[in-house]
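Structure first, then comments.
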Amino acid sequence: MTNTKNNKLQYLFNTHTHLHLVDRNGNEVNGFPIKFKSTATNGIAVFDYENSKDYRVLVACVNKSVYLLTADGGKVDGWSFGQTKGTVTLPAQHFIDEGKDYIVFGDETSTYIVNRKGDSRITLKSPFEKCKTTPYFFEKGQESKDSRFVTTGKNGDVYFIFLDGSVKKMSLGTFSENHRFEYQDIDGDGKKYFVYTNDNKLTVFNRDKSVRFELKFENKLKNSLNLYTFNEGVKYIGVSPDGLNKVYLIAPNGKVAAGFPMHGNGAFSISKMIQSEKGDDLNLITGNTDYYLFNYRLTIK
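If you're matching positions, the sequence shown starts at 264 in our numbering and goes up one per residue.
Written as structure tokens, this is what we have:
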């Protein structure tokens, strides 16, 4: 985030007990860390409603309270949200549609969709058990009645939450409680696909429920599913089988990208770190189980 007082980039993050703000040299900013009133159960979410650098920080805690803070850690006046029924484990998300704000977060049994003040924006007519590892995705419809939030339930069913509070369920199979899910356009054609990792499988479903492709790996894809956007909105899928020290990048057609698997472990990042002569080289950063950090040069054609 950019500090409005000195216009410098700083890093805002939390532990279970404190809110931290550090500068680019790794030094804590004056006044930080700030101790939470209760133990945090999720990572913070930082919102900038008007792109004015007037940041809001939302965090959920063990006492079931959800706090909205300023970037300085102060209380935001007017925030009226009460308490959740269960434990919120994923960061809250902020969506805007037709000029309306939707702040969305969930626990084991409930989804909460509120406005900037914490008042309920949408009340679900049919609550469901949500998967603890799946965030929410928003899909805008041609008409307001068709716009919807998308997430998964405990056993992998896809749930569509419409703006009037109605809920539609779609089953694509049975998945474990620890499945990972993304609802994304992976080939740039404007259509979104259902992307799952579950146990040792990566499966991508078309909108008509047919399987676009499925890959099976040697070990479980533990905590592994990331998407990386390249030219023309094309997204590649990144996974890492547990304990093998291998990272894979999968093209939208289900083929393993050239040069993969690479040596590494867990989630990895892809970005342009140095301007090359070709102009299309990227850097893939990953670690391994021996505590080494690897920087690979990557070119996607």
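Think of the CB as a built atom: it goes at the ideal place given N, C-alpha and C, for glycine as much as any other residue.
Everything numeric in this text was worked out from a predicted model, so none of it was measured.
When you compare the stretch 319 to 326 with the stretch 343 to 356, are there three or more beta-carbon pairs, one atom per stretch, that lie closer than 8 angstroms? The stretch 319 to 326 vs the stretch 343 to 356: in contact.
Out of LEU332, SER410, ARG379, LYS417, state which residue places its alpha-carbon closest to the alpha-carbon of SER373. LYS417
Three-state class that DSSP yields for SER407 in the structure shown: helix
What does the alpha-carbon distance come out to for the pair ILE376 and LYS395? Rounded to the nearest whole angstrom, the C-alpha separation of ILE376 and LYS395 is 16 angstroms.
CB-CB under 6 angstroms to SER434, same chain, minus the five flanking residues each way: which ones, in chain order? ASP420
Those residues which DSSP pairs with LEU321 across a bridge: Looking at the DSSP output, LEU321 shares a beta bridge with ALA308, LEU331.
Cβ neighbour criterion (16 or more within 10 Å) applied to GLN405: exposed
When we look at the beta-carbon of GLN346 and count the other beta-carbons within 10 Å, is it buried (16 or more) or exposed? exposed
Stretch pair the stretch 518 to 526 + the stretch 440 to 455: three plus CB contacts closer than 8 angstroms: no
Between GLU361 and THR415, what straight-line distance do the alpha-carbon atoms span, to the nearest angstrom? Each residue's CA atom was taken as its position, placing GLU361 and THR415 some 25 angstroms apart.
MET536 - containing beta strand (DSSP E), residue span: Neither: MET536 is in no beta strand (DSSP E) and is coded neither H nor E.
Nearest CA to the CA of ILE513: which residue from ASN528, THR549, VAL497? VAL497
Which residues in the same chain as PHE531 place their Cβ atom closer than 7 angstroms to its Cβ, once the five residues preceding and following it in sequence are excluded? GLY501, VAL510, LEU547, ILE548, THR549
Closer than 9 angstroms to chain B by CB, PRO504: Of the chains in the structure shown, none is chain B; there is only one protein chain.
Taking DSSP's pairing of strands, which residues face HIS283 in a bridge? PHE276
Cβ separation of ARG319 and VAL292, assumed to be a contact under 8 angstroms, to the nearest whole Å: Not confirmed; about 18 angstroms, so no contact.
So, using beta-carbon positions, are MET525 and PHE493 closer together than 9 angstroms? no
For LYS298, count neighbouring Cβ atoms within 10 angstroms of its own Cβ and tell me buried if that reaches 16, exposed if not. exposed
PHE358 to ASN482 span [Cα, whole Å]: 36 angstroms
Spatial neighbours of ASN277 in its chain, beta-carbon cut-off 7 angstroms, leaving aside the 5 residues before and after: HIS283, ALA303, GLY306, ILE307, VAL322
What is the DSSP secondary structure of GLY529, counted as helix, strand or coil? strand
Does the beta-carbon distance from PHE401 to TYR459 come in below 9 angstroms? no
Option in PRO398, GLY428, LYS393, GLU392 with minimal Cα separation from LYS408: GLY428
Where ASP317 and HIS279 are concerned, what is the direct C-alpha to C-alpha distance, given to the nearest angstrom? 24 angstroms
Can you grab the Cα-Cα spacing for the pair ASN463 / PRO504, in whole Å? The straight-line gap from Cα to Cα measures roughly 7 angstroms.
Under a three-way DSSP split, which group does GLY381 fall into? coil
Express the C-alpha separation of SER343 and LYS380 in angstroms, rounding to a whole number. 6 angstroms
Give the C-beta separation of PHE412 and TYR399 to the nearest angstrom, bearing in mind that I take them to be a contact with Cβ-Cβ under 8 angstroms. 5 angstroms
Opening and closing residue of the beta strand (DSSP E) in which ASP462 lies: Premise fails: ASP462 is in no beta strand (DSSP E) and is neither H nor E.
Assign ARG560 to buried or exposed, taking buried as 16 or more other Cβ atoms, counted over all protein chains shown, within 10 Å of its Cβ. exposed
Assigned secondary structure, ASN546 (DSSP; H/G/I helix, E/B strand, else coil): strand
Local conformation of ASN326 per DSSP, three classes: coil
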